[in-house]
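Contents: one structure, followed by commentary.
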Amino acid sequence: MGTIKVTGMAKRRVTADEISYRISITAEDVHQAKALSKVKEDMEVFLKELKDNGFDIRNIHLEEDNIRSQHYDRHELKTVTRTLQFRTGFDAAVSDFILSVIEEKKITAFLETEYSYSKEGELHGELLKEALLESRRCAELLAEANGQKVKYIESVTDDRYHEVEVKMEEGADMARPMMSFKRNDLSSELSGKEIEREESVNAVWVIE
Numbered sequence: 011m012g013t014i015k016v017t018g019m020a021k022r023r024v025t026a027d028e029i030s031y032r033i034s035i036t037a038e039d040v041h042q043a044k045a046l047s048k049v050k051e052d053m054e055v056f057l058k059e060l061k062d063n064g065f066d067i068r069n070i071h072l073e074e075d076n077i078r079s080q081h082y083d084r085h086e087l088k089t090v091t092r093t094l095q096f097r098t099g100f101d102a103a104v105s106d107f108i109l110s111v112i113e114e115k116k117i118t119a120f121l122e123t124e125y126s127y128s129k130e131g132e133l134h135g136e137l138l139k140e141a142l143l144e145s146r147r148c149a150e151l152l153a154e155a156n157g158q159k160v161k162y163i164e165s166v167t168d169d170r171y172h173e174v175e176v177k178m179e180e181g182a183d184m185a186r187p188m189m190s191f192k193r194n195d196l197s198s199e200l201s202g203k204e205i206e207r208e209e210s211v212n213a214v215w216v217i218e
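Per the working numbering, the sequence shown runs over residues 11 to 218.
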């Protein structure tokens, strides 16, 4: 009787069903007060559009305020930026709506997005099981090549077992709009970004 250590891996691609928006509204002026006023005004316009279209403003977060100075043509130019962040279920029509508000209201803004999958915890568990099965399959092939059989698993390790996972309640802290958005073009029908996830386990199998 002996042991054999085999690493098993599992990989899967899933479609993102959540999206985080990071929107920085900015204004420039040689007078700081004017730049501040413009940013506040544009922010109120933007938030009103979101609220009027069913977004929960309480779950939209003020991430950062920033004032920068730079010298330009003998003048000191002030750049004021206010950044918002919120998360919601993915809907391409929502992204189109946000872009249209920025354009139609002539708001100077920078937009960043980050995609995620709402069932990461469940997916993690499924991939670990698949990785363990792959480890056993490989162990059986190696054992068979030596005229032996796998009897049972002695131990299994995975660094991620030692991590603390904080799983948010589904839908919690999300600025989910309470109404549907018009789909006027093909881009509003697009699905979310594909995300690849991979897990691995190191298993020690007893063979004889």
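Just so you know, even glycine gets a beta-carbon here, dropped at the ideal spot from N, CA and C.
Residue i, enclosing beta strand (DSSP E) - first and last residue
{"i": "Phe65", "result": "Phe65 -> no beta strand (DSSP E), and no H or E assigned at all."}
{"i": "His81", "result": "71-82"}
{"i": "Ser128", "result": "Here Ser128 belongs to no beta strand (DSSP E), and DSSP marks it neither H nor E."}
{"i": "Ile35", "result": "28-39"}
{"i": "Leu94", "result": "85-99"}
{"i": "Ser165", "result": "160-167"}
Beta-carbon proximity of residue i to residue j, cut-off 8 Å
{"i": "Tyr127", "j": "Ala26", "result": "yes"}
{"i": "Glu59", "j": "Arg32", "result": "no"}
{"i": "Lys88", "j": "Glu54", "result": "no"}
{"i": "Ala141", "j": "Ser201", "result": "no"}
{"i": "Cys148", "j": "Val49", "result": "no"}
{"i": "Arg23", "j": "Leu133", "result": "no"}
Status (buried if at least 16 other CB within 10 Å, exposed otherwise) for residue i
{"i": "Ser145", "result": "buried"}
{"i": "Leu138", "result": "buried"}
{"i": "Arg92", "result": "buried"}
{"i": "Val104", "result": "buried"}
{"i": "Glu199", "result": "exposed"}
{"i": "Thr167", "result": "exposed"}
{"i": "Asp101", "result": "buried"}
Per DSSP, the bridge partner or partners of residue i
{"i": "Glu204", "result": "Thr25"}
{"i": "Met53", "result": "None, per the DSSP bridge assignment."}
Alpha-carbon spacing of residue i relative to residue j, whole angstroms
{"i": "Ala213", "j": "Thr118", "result": "54 Å"}
{"i": "Thr98", "j": "Lys115", "result": "22 Å"}
{"i": "Asn156", "j": "Gly12", "result": "12 Å"}
{"i": "Gly131", "j": "Arg207", "result": "11 Å"}
{"i": "Val90", "j": "Ser47", "result": "9 Å"}
{"i": "Ser165", "j": "Leu152", "result": "18 Å"}
{"i": "Glu124", "j": "Ser79", "result": "29 Å"}
Extent of the continuous alpha helix (DSSP H) to which residue i belongs
{"i": "Glu218", "result": "Neither: Glu218 is in no alpha helix (DSSP H) and is coded neither H nor E."}
{"i": "Leu109", "result": "102-114"}
8 Å Cβ cutoff, residue i in contact with chain B
{"i": "Val40", "result": "Among the chains in the structure shown there is no chain B, since it carries only a single protein chain."}
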